[in-house]
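Chemist: Before I ask anything, here is the structure I am working with.
Residue numbers (our numbering): 72 to 227.
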């Protein structure tokens with residue numbers, strides 16, 4: 072057990088890229104996002120995700136049950152228990168936005184917005200410590216960078 076603990080890398084303590092040897096594992100403290108035991112409304116804007124992933128059932132306006140599985144790296148298989156449309160409101164805007172074809176994965180514990188699945192007129196601008204999302208040259212969302220992840224602020 073002690074040897075295993077020596078092979079963990081805490082991303083909260085890292086400021087730069089790192090090379091891992093074959094015995095080291097990463098710890099990512101973004102998971103799960105629960106507030107008072109309830110799924111979070113927090114969103115991560117993910118440039119590598121190919122689909123929107125929602126773990127908070129309350130964000131869905133429509134949800135159809137399904138039984139699929141996705142392999143999450145080499146670590147684990149996670150169930151997709153539904154697909155549907157999610158509605159959200161960014162804190163910087165009164166407009167309600169629709170995310171279509173979202174995967175409902177409650178076990179994952181995060182809400183991921185796929186940059187590649189966003190509308191083509193949504194333009195995210197990433198800086199060292201924040202993200203701004205524009206639509207037709209108007210700021211619709213802003214957020215912060217935390218642990219190398221970008222969190223657009225959403226209305227609670």
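Idealized CB from N, CA, C, for every residue including glycine.
Under three-state DSSP, which class holds residue 142?
Modeler: Reading the chain shown from its first residue, position 71 is the one you call residue 142. Strand, per DSSP.
Chemist: Please classify residue 117: is it buried, with 16 or more other beta-carbons within 10 angstroms of its beta-carbon, or exposed?
Modeler: As a working mapping, residue 117 is identified with position 46 in the chain shown. It counts as buried.
Chemist: Do the region 183 to 196 and the region 130 to 149 touch if we need at least three Cβ pairs shorter than 8 Å?
Modeler: Segments in contact, no.
Chemist: How far does the beta strand (DSSP E) with residue 172 in it extend, from its first residue to its last?
Modeler: Locating residue 172 in the chain shown gives position 101, where the first residue counts as 1. Element bounds for residue 172: 167 to 175.
Chemist: If residue 166 sits next to residue 211, beta carbons under 8 Å apart, how far is it from one beta carbon to the other, in whole angstroms?
Modeler: Stepping through the chain shown from its first residue, residue 166 is reached at position 95. Stepping through the chain shown from its first residue, residue 211 is reached at position 140. Confirmed, Cβ separation roughly 7 Å.
Chemist: In or out: residue 173 buried (at least 16 other Cβ within 10 Å) or exposed?
Modeler: Locating residue 173 in the chain shown gives position 102, where the first residue counts as 1. Residue 173 is buried by the Cβ-count criterion.
Chemist: How would you call residue 162, buried or exposed, if buried means at least 16 neighbouring beta carbons within 10 angstroms?
Modeler: Translated into the one-based positions of the chain shown, residue 162 becomes position 91. Counting Cβ neighbours within 10 Å, residue 162 comes out exposed, since fewer than 16 surround it.
Chemist: Pull up the CB-CB distance for residue 168 and residue 131, whole angstroms please, since I reckon it's below 8 Å.
Modeler: Counted from its first residue, the chain shown places residue 168 at position 97. Counted from its first residue, the chain shown places residue 131 at position 60. About 14 Å separates the two Cβ atoms, so there is no contact after all.
Chemist: Expressed to the nearest angstrom, what Euclidean distance is found between the alpha-carbon atoms of residue 141 and residue 200?
Modeler: Residue numbering aside, residue 141 sits at position 70 when the chain shown is read from its first letter. Residue numbering aside, residue 200 sits at position 129 when the chain shown is read from its first letter. So the two alpha carbons sit approximately 31 Å from each other.
Chemist: Return the residue from the list 186, 112 and 189 that minimises the CA-CA distance to residue 125.
Modeler: Residue 125 sits at position 54 when you count from the first residue of the chain shown. Among 186, 112 and 189, the Cα nearest to that of residue 125 belongs to 112.
Chemist: Would DSSP call residue 160 helix, strand or coil?
Modeler: As a first step, residue 160 must be located in the chain shown, where it is residue number 89. Three-state result, residue 160: strand.
Chemist: Does any residue of chain D bring its CB to less than 8 Å from the CB of residue 149?
Modeler: Of the protein chains in this structure there is only one, and it is not chain D.
Chemist: Would you mind sorting residue 127 into buried or exposed? The rule is 16 or more other CB atoms within 10 Å of its CB.
Modeler: Position 56 of the chain shown holds residue 127. So residue 127 counts as buried.
Chemist: In this structure, does DSSP put residue 126 in helix, strand or coil?
Modeler: Within the chain shown, numbered from 1, the residue matching residue 126 stands at position 55. The answer is coil: DSSP assigns residue 126 none of H, G, I, E or B.
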